[in-house]
Amino acid sequence: MRFASRRERRDLRRPRWGRGGLASRGHTDMSDVQAAPQVVEPYPLSNLRHSVAHLMASAVGKLFPGAKFGFGPDIEHGFYYDFDLSEPLTDKDLRRIEKEMRKIAKRSPEIVREEVTREEARKRLTEWGQDYKLEALELIPEGEAISFYGHGSGAEAWADLCEGPHVAGFQSLDFHFKLLSIAGAYWRGSEENPMMQRIYGTAFWSKEQLDEHLEWLEEVKLRDHRRLGAELDLFSTHADAGAGFVFWHPNLGVVRREIEAMWWDEHTRGGYKPVYTPHVSRESLFAVSGHLENYGEMMYAPMDLDEHPYRVKPMNCPGHVLIYKDRGRSYRELPLRWAELGTVYRNERSGVVHGMLRVRGFTQDDAHIFCTIDQLADEIAGVCRMVDKFLTTFGFEYTAYLATRPADKTIGEDEVWERATEALRQAAESIDLPLVLDEGGGAFYGPKIDYKIKDALGREWQNSTVQCDFNLPERFDLHYTDTDGMQKRPIMVHRAILGSLERFVGGLIEHFGGKFPFWCAPTQVALIPIREEHADYCRTLEEKLAGELFRVDAMLEPGHMNKKIKHAQKEQVPFMLIAGERERDEGTVAVRRRGTREQEVVKFDDFLARIRELRATKAIGLDG
RNA sequence: GCUGCUGUAGCUCAGUGGUAGAGCACUUCCUUGGUAAGGAAGAGGUCGCGGGUUCAAGUCCCGCCAGCAGCUCCA
Numbered sequence: 000m001r002f003a004s005r006r007e008r009r010d011l012r013r014p015r016w017g018r019g020g021l022a023s024r025g026h027t028d029m030s031d032v033q034a035a036p037q038v039v040e041p042y043p044l045s046n047l048r049h050s051v052a053h054l055m056a057s058a059v060g061k062l063f064p065g066a067k068f069g070f071g072p073d074i075e076h077g078f079y080y081d082f083d084l085s086e087p088l089t090d091k092d093l094r095r096i097e098k099e100m101r102k103i104a105k106r107s108p109e110i111v112r113e114e115v116t117r118e119e120a121r122k123r124l125t126e127w128g129q130d131y132k133l134e135a136l137e138l139i140p141e142g143e144a145i146s147f148y149g150h151g152s153g154a155e156a157w158a159d160l161c162e163g164p165h166v167a168g169f170q171s172l173d174f175h176f177k178l179l180s181i182a183g184a185y186w187r188g189s190e191e192n193p194m195m196q197r198i199y200g201t202a203f204w205s206k207e208q209l210d211e212h213l214e215w216l217e218e219v220k221l222r223d224h225r226r227l228g229a230e231l232d233l234f235s236t237h238a239d240a241g242a243g244f245v246f247w248h249p250n251l252g253v254v255r256r257e258i259e260a261m262w263w264d265e266h267t268r269g270g271y272k273p274v275y276t277p278h279v280s281r282e283s284l285f286a287v288s289g290h291l292e293n294y295g296e297m298m299y300a301p302m303d304l305d306e307h308p309y310r311v312k313p314m315n316c317p318g319h320v321l322i323y324k325d326r327g328r329s330y331r332e333l334p335l336r337w338a339e340l341g342t343v344y345r346n347e348r349s350g351v352v353h354g355m356l357r358v359r360g361f362t363q364d365d366a367h368i369f370c371t372i373d374q375l376a377d378e379i380a381g382v383c384r385m386v387d388k389f390l391t392t393f394g395f396e397y398t399a400y401l402a403t404r405p406a407d408k409t410i411g412e413d414e415v416w417e418r419a420t421e422a423l424r425q426a427a428e429s430i431d432l433p434l435v436l437d438e439g440g441g442a443f444y445g446p447k448i449d450y451k452i453k454d455a456l457g458r459e460w461q462n463s464t465v466q467c468d469f470n471l472p473e474r475f476d477l478h479y480t481d482t483d484g485m486q487k488r489p490i491m492v493h494r495a496i497l498g499s500l501e502r503f504v505g506g507l508i509e510h511f512g513g514k515f516p517f518w519c520a521p522t523q524v525a526l527i528p529i530r531e532e533h534a535d536y537c538r539t540l541e542e543k544l545a546g547e548l549f550r551v552d553a554m555l556e557p558g559h560m561n562k563k564i565k566h567a568q569k570e571q572v573p574f575m576l577i578a579g580e581r582e583r584d585e586g587t588v589a590v591r592r593r594g595t596r597e598q599e600v601v602k603f604d605d606f607l608a609r610i611r612e613l614r615a616t617k618a619i620g621l622d623g
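Counting from 0, one number per residue, gives the positions in the first sequence under numbering that gives the first Met the number 0.
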């Protein structure tokens, strides 16, 4: 599971140059160029943002003479612009630039478009010393219009090689913007290229919308799993252990165990059998599988055992294949469904590790299905049903994508590709799962269905995947004896529902904001006596709860009730049971539900029945 | 890996060359309190690690480690 990367969210793969504006600083007076084409109000938000990106670039150009400009498009939540500057920008510069933007906006009644010839464009950009722009100019296909968009006059005049469209001008428009952050970004997105400085910002038509967006960003920060991980004592990472290695604390260990228990239950129900495979194998295994060749950069360096190189596994599939190959297989055995919570290690580049979401050692909820092509549709349908079960249990909305054969560098017969892709389609249809087509998005070894989920904050993640594989069976020469006695090649299906426990649970922390559903909450019930003399009653309640394997924190130590309430609240404990004389005498408890301040006095047995229900149904909320 | 920034008590942070600070959390004592901070006292820091400059380094310089915002890449 993963966040759809910022890159995806910003949709940069879309050809961008024209829309995104290749900007450049101009010193010509724009007053004599032709007026912009009529843009009818209201402008799309993307136009505004793109125009504000221009505004920002012009301010940067004014404040930092000699600035060179890269790309500056609008993106999902705002815009950015890349600059090549002689000195690094700081947050203080952002405020300065904002101020300058407001000034320029006031003096810029209109944004004007000017169409020029390629020669003229080249001449201008050369004159302005805009190297990146010149390169960008060459990206514009022959025959397409080449235009500049400019605003400001006199010393402030500024123009941008850009296709548009833009708003007509800044002066008379009511809009609101904020510059948010500075980061490095490679020119044209390639690490071969020089790094530029990128400024991110956002803009809206109303102050309210801007504020709302800024609040959303705050909420994202508050729910950050790294922050909650420390606050709720969930996990840690350590310089002493190295970057990208997660230590699960007891609180999160509980969450994981609950999820794993559900996972094994569902897999048992789905006809999967557990397998366990070693973390280390001889290097030659990964040579056969092809991982060494295609994935070698991600693998840890070999270690020497008895003068043979060994490797830590980056994937579980070769191990499962060895089990398959251990003896001959008959069609009668298929499909074989083998599941493993397999821990793998991958050498992620140092700059990418991120809390629990991007780590160097993680546990995949892996399984492989060995089946015939005729069984494929049913098998896929089974996986999709299981995906639905998990995603809805955690309250995620999702979209499934059918990724078909890539244009080149694939392996496998045309016919097999077609039949497998058709099987994926049929499977989805049989369970009424709509598929969005991702043409050519498959792996080189087979078509697949990928899932994207939406979390409570509306962010998209990718986690579940079902992939057909024609490659590994080939490489390992897998076969089974068919009804006619002939040796046939099975298809292998790789699938992960959660992706990795680390990424999934890290995502869950943010999705729930630390308020885990009752069934997997680290502590489910806190017992708080009003006075010390009520501790005995609490103790009897504790025994009953613990006897039914509920996770109870009996806060019986001396101290103030209010302090304990505050503590339990901070720990996001679903239920606090507060008990004094009245409760003890009546066999009741005062129940305080997470997130509320009201209490409800109920018979303890009624409470017990309620939480049994919550646990059994894996309800997300605490009602009912 | 790359660009920029950061690293001081468990947490949030102050401390710009001259003997380490605050709030919260923690411990102890007092407080017996009916639903989110009662009072007092106390403990807690190799200032990320290693070098260098200096009479003197948390503070300046270099290297490493880790983290943060991104880029690139990914479960």
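We put the CB at the ideal spot given by N, CA and C, even for glycine.
Can you check DSSP and say which residues form a bridge with residue i?
i	result
Phe-549	DSSP lists no partner for Phe-549.
Gly-360	Tyr-344
His-307	Leu-304
Ile-181	Ile-198
Leu-401	Leu-436 and Ile-448
Val-111	Gly-149
His-353	Arg-357
Arg-592	Phe-574
Lys-487	Tyr-479
Phe-169	Answer by DSSP bridge pairing: none, since Phe-169 is not bridged.
Short check: CB of residue i to CB of residue j, under 9 Å?
i	j	result
Phe-285	Arg-310	yes
Cys-370	Ile-490	yes
Ala-399	Leu-375	no
Ala-520	Val-245	no
Leu-456	Glu-541	no
Leu-44	Trp-204	yes
Ala-553	Arg-538	yes
Gly-411	Ile-619	no
Gly-270	Gly-445	no
Arg-123	Ala-156	no
Asp-83	Pro-249	no
Gly-168	Arg-359	no
Leu-648	Ala-442	No statement about residue 648 is possible, as the shown extent of the chain runs from 0 to 623 and does not include it.
To the nearest angstrom, how far is it from the Cα of residue i to the Cα of residue j?
i	j	result
Ala-545	Val-601	19 Å
Arg-24	Leu-621	Legend: pLDDT at Arg-24 = 26, less than 50; position of this residue unreliable, value from coordinates given subsequently. Distance between the alpha carbons of Arg-24 and Leu-621: 58 Å.
His-278	Met-314	9 Å
Glu-414	His-367	22 Å
Met-195	Ala-184	5 Å
Thr-616	Ala-422	33 Å
Gly-440	Lys-447	8 Å
Glu-143	Thr-116	10 Å
Arg-458	Ser-329	46 Å
Asp-130	Lys-220	38 Å
Gly-69	Thr-403	34 Å
Leu-335	Thr-464	18 Å
His-53	Tyr-294	42 Å
Phe-603	Arg-268	34 Å
His-493	Leu-471	11 Å
Please name the residue in the options whose C-alpha comes closest to that of residue i.
i	options	result
Leu-62	Gly-69, Leu-44, Tyr-42 and Glu-97	Glu-97
Gln-170	Ile-110, Ser-235 and Asp-159	Ile-110
Met-55	Ser-180, Ala-495, Asp-605 and Pro-528	Ser-180
Asp-264	Asp-373, Met-385, Tyr-148 and Leu-231	Met-385
Gln-461	Thr-420, Gly-128, Arg-424 and Gly-506	Gly-506
Glu-570	Lys-272, Gly-513 and Asp-364	Gly-513
Trp-337	Ser-463, Asp-364, Lys-563 and His-237	Asp-364
Ala-608	Met-575, Gln-568 and Glu-547	Glu-547
Gln-466	Phe-361, Ser-146, Arg-101 and Arg-424	Arg-424
Please classify residue i as buried or exposed, where buried requires at least 16 neighbouring CB atoms within 10 angstroms.
i	result
Ser-50	buried
Glu-113	buried
Tyr-79	buried
Pro-164	buried
Thr-201	buried
Pro-140	exposed
Leu-497	buried
Val-351	exposed
Please determine whether the Cβ atom of residue i lies at a distance below 8 Å from any heavy atom of the ligand PLP.
i	result
Arg-255	In the structure shown, the ligand PLP is absent, as is every other ligand, since no ligand is present at all.
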